[in-house]
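Be aware that the sequence shown starts at 1, since it is given in the UniProt record's numbering, and climbs by one per residue. Structure, as structure tokens:
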Amino acid sequence: MGLIRLLLAIAVLNSHFTVSGLPMVRGHEAVLAFFAISGFYMALILDTRYASPGRFYLSRFLTIYPPYVLAVAVAVGLLVSFDIHPMTSKAELSRLMSDPAGFLVMTWTTLGILGQELLFCLSHAPEGGLQFIPAARDSIWRNAPLIQGWSLSLEIMFYAMAPLMVRLRSRTLVGLACASLALRLAVPLAGPENVLFFKRFFPLELWTFAGGILAYRLRKRLPATPQLTDYAAFAALVATLLLAGWTPEPAKPYLMPAAVMAAMPFVFRSFGRFWFDRFIGKLSYPFYLFHYSAVAVFEAAAEAPEGWEILLISLSAALMVHTLFEPGLAHLKRRLRGPAPDGLGQDASSATPAR
Numbered sequence: 001m002g003l004i005r006l007l008l009a010i011a012v013l014n015s016h017f018t019v020s021g022l023p024m025v026r027g028h029e030a031v032l033a034f035f036a037i038s039g040f041y042m043a044l045i046l047d048t049r050y051a052s053p054g055r056f057y058l059s060r061f062l063t064i065y066p067p068y069v070l071a072v073a074v075a076v077g078l079l080v081s082f083d084i085h086p087m088t089s090k091a092e093l094s095r096l097m098s099d100p101a102g103f104l105v106m107t108w109t110t111l112g113i114l115g116q117e118l119l120f121c122l123s124h125a126p127e128g129g130l131q132f133i134p135a136a137r138d139s140i141w142r143n144a145p146l147i148q149g150w151s152l153s154l155e156i157m158f159y160a161m162a163p164l165m166v167r168l169r170s171r172t173l174v175g176l177a178c179a180s181l182a183l184r185l186a187v188p189l190a191g192p193e194n195v196l197f198f199k200r201f202f203p204l205e206l207w208t209f210a211g212g213i214l215a216y217r218l219r220k221r222l223p224a225t226p227q228l229t230d231y232a233a234f235a236a237l238v239a240t241l242l243l244a245g246w247t248p249e250p251a252k253p254y255l256m257p258a259a260v261m262a263a264m265p266f267v268f269r270s271f272g273r274f275w276f277d278r279f280i281g282k283l284s285y286p287f288y289l290f291h292y293s294a295v296a297v298f299e300a301a302a303e304a305p306e307g308w309e310i311l312l313i314s315l316s317a318a319l320m321v322h323t324l325f326e327p328g329l330a331h332l333k334r335r336l337r338g339p340a341p342d343g344l345g346q347d348a349s350s351a352t353p354a355r
């Protein structure tokens with residue numbers, strides 16, 4: 001799934017600065033697809049690598065936090081030193097941070113990650129402090145060092161639940177996914193003022209993570225030998241990713257995550273064997289972290305920035321960050337691994353190749 005993960009990260013970039021004229025999946029829906037992939041991989045590593053939830057949590061911290069801190073440091077450095085940021089200015093951020101409530105919320109969500117999705121529905125109150133609002137255009141999310149960091153908040157919530165979720169029966173997971181989807185479909189019916197708050201509300205996105213776990217269980221039930229259908233599933237998934245913009249608007253939030261869930265067991269069976277595909281996949285996270293800073297630099301420094309230039313710089317930054325962190329983090333995570341406890345992945349009966 002490495003190439004798919006990188007293409008999804010590029011789709012997020014394409015939503016922030018046009019790289020391709022193709023009707024690619026939108027950035028928000030690409031993130032939902034990432035959530036499904038996360039469900040698959042967390043089920044995999046809990047089934048095959050970690051003997052306790054504590055070791056799993058520490059491995060996730062090592063994966064997420066060090067590159068995130070570097071990305072925040074770069075973004076803050078660009079803003080403070082050169083007044084470069086995709087959405088805000090140094091003066092606007094200073095005004096927010098001079099308010100005690102703004103300082104507390106922005107500092108906590110930036111350093112702790114959790115709660116960044118709430119920045120989309122908070123704004124300055126006329127009498128001071130912060131208030132909830134129904135429209136994102138005036139919210140303080142524009143001032144976050146990493147605007148895209150909201151997705152990491154939802155990822156961390158899933159990580160907290162993952163050791164429990166992978167122990168649930170498949171029928172229970174299906175029920176959770178259906179309940180989450182029902183809530184998601186019901187939100188627009190409750191009025192447009194509720195859509196903004198609930199658009200990034202974890203219970204409404206739980207279906208993507210649960211679907212990823214179910215996709216992993218299907219993968220374990222498949223014969224181990226790669227099949228031609230795996231490559232057909234890969235081609236169909238790439239086509240969906242590149243052409244999802246042609247989908248009717250009501251279906252867009254669901255098409256890409258559902259396509260990933262359906263294709264992932266087959267794609268992983270064949271492509272999970274290839275070291276190069278795994279390597280490409282590991283670039284997707286640093287690419288996601290640094291691409292918006294690259295957009296901001298080019299928009300500030302170039303008269304007519306080109307999408308391919310930003311893409312190349314973002315890929316180069318991702319490669320450098322991966323090279324900087326991967327050897328040490330891989331060593332630490334290897335020391336955390338051990339035999340998986342009984343019961344994880346209980347619905348699957350055959351061994352699964354490690355990622």
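Glycine residues also receive a C-beta, built at the ideal position from the N, C-alpha and C atoms.
Inter-segment contact for the segment 161-178 and the segment 121-140 is absent: fewer than three beta-carbon pairs are separated by less than 8 angstroms. Segment contact: the segment 198-213 against the segment 254-270, three or more CB-CB distances shorter than 8 angstroms; contact assigned.
By the CB criterion at 8 angstroms, P23 and L243 fall inside the cutoff.
The alpha-carbon separation between A9 and H16 amounts to approximately 11 angstroms. The DSSP-derived three-state label of L22 is coil. Inclusion of W308 and V19 in the CB contact set at 8 angstroms is warranted, their separation being smaller than that value. Segment contact: the segment 28-35 against the segment 145-165, three or more CB-CB distances shorter than 8 angstroms; contact assigned. Taken atom to atom, the span from the alpha-carbon of R184 to that of L204 is near 5 angstroms. Nearest to F325 by C-alpha distance, out of V105, D47, P66 and V166, is P66. A Cβ-Cβ contact shorter than 8 angstroms links L119 with S139. Inter-residue distance for R335 and G54 is about 13 angstroms (C-alpha atoms, whole angstroms).
In the DSSP assignment, L130 falls within the beta strand (DSSP E) that extends over L130 to F132. Rounded to whole angstroms, the separation of the alpha carbons of E249 and R269 is 32 angstroms. Secondary structure at H322: helix, using DSSP grouped into helix, strand and coil. H85 carries a coil assignment under DSSP once its states are collapsed to helix, strand and coil. For T229, the number of other beta carbons within 10 angstroms of its own is below 16, and it is reported as exposed. In the structure shown, S123 adopts extended strand secondary structure according to DSSP, grouped into three states. The beta carbon of S89 sits closer than 7 angstroms to the beta carbons of D83 from its chain, once the five residues preceding and following it are set aside; these are given in chain order.
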